[in-house]
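Participant: My questions all concern the structure below.
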């Protein structure tokens, strides 16, 4: 089946990608506002972890439904509703003074954001040649990492100068504008596809049965959970306060160090698709990446500060290891029939983000359990004890990659469809 792969295809991909960049910036925004949020809402690490993690609960909950919606309905409407909901959640979060309503704002923000990553992948699958998909998926994750990168460091400055509420409010207003651009310009698919026979449409229950009947989908989801969860824990929330306390540096300096993780994600994501396509191998890349993540995370959490350069390189490699989960989306595409791929993308992305929903509050809880003082001051031991879940996750990912994931040789089982 031919695809439009000209300027209009890239325009569709660009619009969806801007939404992805936008929601990633909002996703990681609490990491540079930890002290401000604790002070404004009078909360400790446990409730801060809950506040940040609620975003991922609603995000994860919507991943399978979002994939099913993209399989059934127009991408134009879904992306418009998603972007507008995301913007309204940010607006609500920026204006409220109550912790309960701030939680509601984060939930709404997560709901809207849930359509961004899968939506960008769906646009890529409809507007570009199938042989481009691994590269386009890698490029999509590059944009996700880039969104977090360009948000974290500048947002730290904005929070210092203008306050966190004004900074989030500005992002909310930009998102409202972006949602209407999606409504005006997004087109669901190339015109010539409409005249072709429709593939079977499955309901959510039948789609899930098809997906869960293939064990490789489950193993890929576990790998994604165990490699991206550590990134959401560290780069998404706790890395900045950890470095600020461990090395006695400013919030902005710590944000710059943590941004090296997102640099690693951004640079390596498209390369994973290119390299694994060239090798015609997925498994070996996953094995090496998970072991790399285990080593890098242990150095970051337990190692001394040798130099800024050394730590920056290790954090970069941490990001590279986490970015390897993008190949699980290629495995979804290669192990499933076309009519459940949208739902499959949502299923795998649910596994990707649910780590944030589980681990961000868990780290806060463990920090509270290990703290020495009765106030909201945490020791180095408190952080290291709680963040130990990160190398544990990478170890589990390595076990899954070595013993359970099967090589696809970059070929779909359903090429005849």
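Numbering (this note's numbering), first residue to last: 74 to 490.
Ideal Cβ positions, reconstructed from N, Cα and C, are used throughout, including at glycine.
Here the structure is a predicted model, which is why all the values come from computation and not from measurement.
Can you tell which of 318, 326, 355, 362 has its C-alpha closest to the C-alpha of residue 338?
Facilitator: In the chain shown, the residue the question calls residue 338 occupies position 265. From the listed residues 318, 326, 355, 362, the smallest Cα separation to residue 338 is found for 362.
Participant: Just the C-alpha distance for residue 254 and residue 455, rounded to the nearest angstrom, thanks.
Facilitator: Position 181 of the chain shown, counted from the first residue, corresponds to residue 254. Position 382 of the chain shown, counted from the first residue, corresponds to residue 455. Distance between the alpha carbons of residue 254 and residue 455: 46 angstroms.
Participant: Residue 317: buried (16+ other C-beta within 10 angstroms of its C-beta) or exposed?
Facilitator: By 1-based counting over the chain shown, the position of residue 317 is 244. So residue 317 ends up on the buried side.
Participant: In or out: residue 465 buried (at least 16 other Cβ within 10 Å) or exposed?
Facilitator: Mapped onto the chain shown, residue 465 falls at position 392. Exposed, since its Cβ has fewer than 16 Cβ neighbours within 10 Å.
Participant: If you drop the 5 nearest sequence neighbours on each side, which residues of the same chain put their C-beta closer than 6 angstroms to that of residue 473?
Facilitator: As a working note, residue 473 is residue 400 in the chain shown. Once the five neighbours on either side are set aside, the close Cβ partners of residue 473 are 292, 295, 296.
Participant: Measuring CB atoms only, is the segment 151-158 touching the segment 179-194, in the sense that at least three cross pairs come out at less than 8 angstroms?
Facilitator: yes
Participant: Between the alpha carbons of residue 233 and residue 401, how many angstroms are there, rounded?
Facilitator: For the purposes of this step, residue 233 is taken as the residue at position 160 of the chain shown. For the purposes of this step, residue 401 is taken as the residue at position 328 of the chain shown. One C-alpha to the other measures close to 38 angstroms.
Participant: So the candidates are 345, 161, 349, 373; which of them puts its Cα closest to the Cα of residue 333?
Facilitator: Here residue 333 refers to the residue found at position 260 when the chain shown is read from its first residue. Answer by Cα proximity: 373.
Participant: Nearest CA to the CA of residue 103: which residue from 120, 301, 319?
Facilitator: Reading the chain shown from its first residue, position 30 is the one you call residue 103. The candidate whose alpha carbon is nearest that of residue 103 is 120.
Participant: Can residue 353 and residue 408 be called in contact, C-beta distance under 9 angstroms?
Facilitator: Taking the chain shown and counting its residues from 1, the one referred to as residue 353 is at position 280. Taking the chain shown and counting its residues from 1, the one referred to as residue 408 is at position 335. It is not a contact, given that the beta carbons lie outside the stated cut-off.
Participant: Determine the DSSP secondary structure at residue 169, reduced to helix, strand or coil.
Facilitator: The residue you call residue 169 lines up with position 96 of the chain shown. In this structure, residue 169 counts as coil in the three-state DSSP scheme.
Participant: Would DSSP call residue 385 helix, strand or coil?
Facilitator: As a position in the chain shown, residue 385 is number 312, starting the count at 1. Note: residue 385 maps to helix in three-state DSSP.
Participant: Below 6 angstroms CB to CB, which residues in the same chain sit around residue 482 once its five sequence neighbours on both sides are set aside?
Facilitator: Translated into positions along the chain shown, residue 482 becomes position 409. Within the same chain, residue 482 has close Cβ partners 353.
Participant: By the three-class DSSP mapping on this structure, what secondary structure does residue 479 have?
Facilitator: In the chain shown, residue 479 corresponds to position 406, counting from 1. DSSP, read as helix, strand or coil, puts residue 479 in coil.
Participant: Hey, would you say residue 319 sits closer than 9 angstroms to residue 118, going by beta carbons?
Facilitator: The residue you call residue 319 lines up with position 246 of the chain shown. The residue you call residue 118 lines up with position 45 of the chain shown. Result no, Cβ atoms of residue 319 and residue 118 do not sit closer than 9 angstroms.
Participant: Determine the extent of the alpha helix (DSSP H) in which residue 286 is found, giving its start and end residues.
Facilitator: Here the question's residue 286 lines up with position 213 in the chain shown. Per DSSP, residue 286 belongs to the alpha helix (DSSP H) from 277-286.
Participant: Can you tell me the Cα-Cα spacing of residue 396 and residue 300, whole angstroms?
Facilitator: Looking up residue 396 in the chain shown gives position 323. Looking up residue 300 in the chain shown gives position 227. Distance between the alpha carbons of residue 396 and residue 300: 8 angstroms.
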